[in-house]
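Each remark here refers to the structure printed beneath this line.
This is how it looks when you write it as structure tokens:
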């Protein structure tokens, strides 16, 4: 237990570091920046890198070139593009990298301009940029207060969601196991292994695994809580910039990260790494850039919105559907505020959504052309009809519905400020539509639509409370003439929440035994890759795939006789080579249907001495069959390594 906890701590740090490097640092290096808004640039870079990693991942996996060097090559290409674009904008004579390098070397040799001088100049520019960022975030006590509050919200939310993933090895829920095996398929360049289904999340996790160099099991376990926190940050990002204010954004992040929108069913969005979670993650950051383009008319905002919508569709259709709803709400709000300029926007935004939908549909279309069928599980899930009842409204649901009145009042009072009015009214429209869908989706008797309506409501509730709180804060600020009075209420609210409504760490449901995952990690750590095999229940295949081999117990006992001198399979079932081979045989003591495993092992022990107990507790026993290769086999294996 202690050994696995230590490993979990190490791999958690590696996963977080890889995430920060891949999704935050690298985009800042390879993508061009537009403006001085640092936070907006970070979110824009995140959306862009998600889109390009998925798009290029589809291509690389299809042509079986999905390797670390290919992913890095993509980033180098973008860096060259950024470099060349900046050179052209600076109106330099040398427009390409080759000329720049030649000029740099010649100037260095001729002592016209030394390389160390260029490096010093670059260092000065970098430090100046860092000083600017620090002054941007920490130069104002009000900004610092907001950062500290957001840090407290995210920190406590991380404790609530990461605790379970840190202390358990098995993925949460059946969806976690699907994510685990499908991300492994992508890692081994297998597309649509179970049929046509969006592969966006699995591509992202496979790339993250390449950077973190951690087992896929750790990546999947930690990605769920991490992406759940990013959803909360996305809610804060939209709310704080679309009319609710910074304090309102704190409210949105708190409602989701701490209280899960006051619903037990929200644990899925906060802990389970799934395509639905990743697709939902992109909704409000993308909607912000649709909203921002209405005011800025910047091409960068336009393209970021397009990339975000397409990315959501490439991950799961539910995110694209939510973005479409949000765009419709934004357009209606814009139309009510500015009828004259609305038609052009409606046509342009419709074009963006159609283009994003076409991009998202390309992989599925390619799969159909290739003769593949759609994933059976997904088709069955989408077509399940059942006798559904309307959800029981809680006090929190009614409070959220009632808070829409406060948002309406806030929108009417800010009608002169176009951007604030559009943002507030769009949230009002989205909230009303989400509540109606949540309350009446059961009429269709379709479980998929019903669950989607619940997910939409869970996502909108924090935004409703944020904008309602923002309206109250604006009123109090006008009365008291205290511009940042909202922060005072946030501080008091967070303290009161910790005292009156303390939250316990989330405990995720698990479809398979925890001990199976733990022992897999120990087996993988003890034995060399591709030199071991698990004989166990079907879930063993999901764990072993890509690192070792797997065989069902019944097939194993029927194929191999216990008196055989060596258990080997030249076709490669047991190993690619015939060098040292360790076989881990799982036996559940309390399961009478597995008695034949115990009988086979007992008979094997009468003929051989290479059998040992790898693990044993009251319910599970694992035997290790250790085979030592002969000289010829070892020599052959050495050349095959």
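Numbering (our numbering), first residue to last: 49 to 689. Don't be surprised by glycine CBs; every beta carbon is placed ideally from N, CA and C.
Option nearest residue i by Cα separation, candidates the options
{"i": "residue 340", "options": "321, 616, 382", "result": "382"}
{"i": "residue 111", "options": "237, 533, 231, 440", "result": "237"}
{"i": "residue 408", "options": "366, 376, 447", "result": "366"}
{"i": "residue 494", "options": "543, 464, 544, 432", "result": "432"}
{"i": "residue 302", "options": "208, 373, 247, 108", "result": "208"}
{"i": "residue 724", "options": "379, 263, 215", "result": "This structure does not reach residue 724, given that the chain is present from 49 up to 689, and the question cannot be answered."}
{"i": "residue 277", "options": "329, 596, 384", "result": "329"}
{"i": "residue 374", "options": "345, 398, 581", "result": "398"}
{"i": "residue 351", "options": "645, 99, 55, 650", "result": "99"}
{"i": "residue 249", "options": "311, 194, 281, 359", "result": "359"}
{"i": "residue 96", "options": "109, 106, 86, 79", "result": "79"}
{"i": "residue 197", "options": "478, 535, 464, 587", "result": "535"}
{"i": "residue 491", "options": "436, 205, 53", "result": "436"}
{"i": "residue 513", "options": "592, 447, 414", "result": "447"}
{"i": "residue 663", "options": "565, 430, 357", "result": "565"}
{"i": "residue 464", "options": "419, 385, 521", "result": "385"}
{"i": "residue 251", "options": "105, 87, 125", "result": "105"}
{"i": "residue 674", "options": "636, 574, 584, 600", "result": "574"}
{"i": "residue 314", "options": "264, 501, 175", "result": "501"}
{"i": "residue 571", "options": "87, 661, 294, 649", "result": "661"}
{"i": "residue 288", "options": "516, 233, 412", "result": "516"}
{"i": "residue 602", "options": "610, 645, 577", "result": "645"}
{"i": "residue 669", "options": "642, 235, 369", "result": "642"}
{"i": "residue 57", "options": "103, 217, 75", "result": "217"}
{"i": "residue 52", "options": "175, 563, 639", "result": "563"}
{"i": "residue 647", "options": "666, 221, 665, 611", "result": "611"}
{"i": "residue 348", "options": "85, 650, 657", "result": "85"}
Nonlocal neighbours in the same chain, by C-beta distance under 7 Å from residue i, ignoring five residues either side
{"i": "residue 268", "result": "219, 224, 227, 228, 231, 253, 321"}
{"i": "residue 459", "result": "469, 472, 473, 476"}
{"i": "residue 653", "result": "659"}
{"i": "residue 68", "result": "none"}
{"i": "residue 60", "result": "214, 270"}
{"i": "residue 246", "result": "323, 362, 363, 364"}
{"i": "residue 510", "result": "283, 300, 303, 304, 309"}
{"i": "residue 63", "result": "260, 262, 266, 267, 270"}
{"i": "residue 66", "result": "256, 259, 260"}
{"i": "residue 480", "result": "452"}
For residue i, the first and last residue of its enclosing alpha helix (DSSP H)
{"i": "residue 306", "result": "That residue, residue 306, is in no alpha helix (DSSP H); it is neither H nor E in DSSP."}
{"i": "residue 664", "result": "Residue 664 -> not in any alpha helix (DSSP H); beta strand (DSSP E) instead, spanning 659-664."}
{"i": "residue 351", "result": "347-363"}
{"i": "residue 638", "result": "Note, residue 638: premise wrong, no alpha helix (DSSP H); not H, not E."}
{"i": "residue 539", "result": "533-548"}
{"i": "residue 192", "result": "189-215"}
{"i": "residue 648", "result": "643-655"}
{"i": "residue 222", "result": "221-235"}
{"i": "residue 269", "result": "264-289"}
{"i": "residue 493", "result": "It is not in any alpha helix (DSSP H) - residue 493 carries neither H nor E in the DSSP assignment."}
{"i": "residue 560", "result": "Per DSSP, residue 560 belongs to no alpha helix (DSSP H) and is neither H nor E."}
{"i": "residue 328", "result": "323-329"}
Other residues of its chain near residue i: CB distance less than 6 Å, five sequence neighbours each side excluded
{"i": "residue 524", "result": "533"}
{"i": "residue 618", "result": "The pLDDT assigned to residue 618 is 49, lower than 50, so where the model puts this residue is not dependable, and the model offers no usable value."}
{"i": "residue 422", "result": "243, 244"}
{"i": "residue 291", "result": "468, 471, 472"}
{"i": "residue 615", "result": "608"}
{"i": "residue 240", "result": "415, 420"}
{"i": "residue 591", "result": "568"}
{"i": "residue 141", "result": "Bear in mind that the predicted position of residue 141 carries a pLDDT of just 44, short of 50, making it unreliable; the figure below should be weighed with that in mind. Excluding sequence neighbours, residue 141 sits near nothing in its chain."}
Nearest-angstrom beta carbon gap, residue j and residue i [assumed within contact, 8 Å]
{"i": "residue 337", "j": "residue 285", "result": "Actually they do not touch by this definition, with Cβ atoms about 10 Å apart."}
{"i": "residue 353", "j": "residue 372", "result": "With 8 Å as the limit, residue 353 and residue 372 do not qualify as a contact, their Cβ atoms being about 12 Å apart."}
{"i": "residue 630", "j": "residue 579", "result": "7 Å"}
{"i": "residue 280", "j": "residue 202", "result": "7 Å"}
{"i": "residue 581", "j": "residue 560", "result": "Residue 581 to residue 560, Cβ: 19 Å. No contact."}
{"i": "residue 538", "j": "residue 189", "result": "Not confirmed; about 15 Å, so no contact."}
{"i": "residue 508", "j": "residue 478", "result": "6 Å"}
Beta-carbon proximity list for residue i, same chain, < 8 Å, skipping 5 on both sides
{"i": "residue 342", "result": "378, 382, 393, 467, 470"}
{"i": "residue 72", "result": "90, 93, 94"}
{"i": "residue 211", "result": "553, 554"}
{"i": "residue 54", "result": "none"}
Range of the contiguous beta strand (DSSP E) that encloses residue i
{"i": "residue 670", "result": "668-675"}
{"i": "residue 598", "result": "597-599"}
{"i": "residue 582", "result": "580-583"}
For the stretch 73-112, which segments carrying the alpha helix (DSSP H) assignment without a break, of at least 4 residues, lie completely within its bounds, in sequence order?
-> Runs found: 74-78, 86-110.
What are the start and end residues of each continuous beta strand (DSSP E) run of 3 or more residues lying completely inside the stretch 464-491, in chain order?
-> none
Would you list, in sequence order, the uninterrupted alpha helix (DSSP H) runs of no fewer than 4 residues that lie entirely inside the stretch 415-455?
-> 424-430
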